[in-house]
């Protein structure tokens with residue numbers, strides 16, 4: 013509180029105070045600090061991401077998606093922001109066929125060689141029950157980074173679900 017008291021117009025102090033309050037189970041108060049940080053630096057996507065994460069704590073998926081979209085709108089060429097939206101959509105099954113799929117596609121368009129973007133697309137396609145297409149993106153992810161354990165983990169789960177125990181064992 014000293015940093016905010018000493019410099020109430022500090023972007024960083026307000027952002028960190030929001031993080032602290034969210035961690036202390038005071039998400040409503042955290043939203044106030046993140047909102048003020050967003051006013052102080054309206055072109056920064058960071059407060060919008062934190063607002064989204066805070067709405068997620070409050071279990072409001074619509075507000076979460078809206079805040080994440082605001083972050084994307086502020087920095088549309090950042091594939092990481094699109095991946096955050098895709099992960100959110102996948103994890104909470106929130107408009108996966110539109111919001112999640114489109115976010116993953118945009119992340120891939122921005123960085124087609126990205127292991128993370130290819131893996132995200134594979135995971136979304138698995139959830140959308142498109143195994144042939146998912147397989148292709150798993151392979152792209154492995155090609156992009158053959159040492160990423162997360163890719164092999166998800167590939168192994170994919171094979172297990174499909175009934176290919178030997179392939180699953182190899183991947184896992």
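Residue numbers (our numbering): 13 to 184.
We treat Cβ as the ideally placed atom computed from N, Cα and C, and that holds for glycine.
Computed from a predicted structure; not experimentally measured.
- With distances taken between CA atoms, residue 169 lies nearest to 131 out of 158, 21, 131 and 105.
- Unbroken alpha helix (DSSP H) runs of no fewer than 4 residues, entirely contained in the stretch 108-142, are found at 113-122 and 127-139, following chain order.
- Rounded to whole angstroms, the gap between the alpha carbons of residue 57 and residue 180 is 39 angstroms.
- Around the beta carbon of residue 141, a 10 Å sphere encloses fewer than 16 other beta carbons of the protein chains shown; the residue is thus reported as exposed.
- Counting C-beta pairs with one atom in each stretch, the stretch 106-115 and the stretch 147-162 have fewer than three that are closer than 8 angstroms, which means they do not touch.
- Within its own chain, the residues whose Cβ lies closer than 6 angstroms to the Cβ of residue 60, once the five positions on either side in sequence are excluded, are 79, 82 and 83, listed in chain order.
- Rounded to whole angstroms, the Cβ separation of residue 68 and residue 26 is 20 angstroms, and the two are not in contact under 8 angstroms.
- If you ignore the 5 residues before and after residue 139, its C-beta comes within less than 7 angstroms of the C-beta of 102 and 108, all in its own chain and listed in chain order.
- Boundaries for residue 105: no alpha helix (DSSP H) harbours it, and the DSSP string shows neither H nor E there.
- When secondary structure is reduced to three states using DSSP, residue 78 falls in the helix class.
- When 176, 128, 136 and 173 are compared, the shortest CA-CA separation from residue 154 is found for 128.
- If you draw a straight line from the Cα of residue 171 to the Cα of residue 117, it comes to about 23 angstroms.
- In the displayed model, residue 167 falls within a helix according to three-state DSSP.
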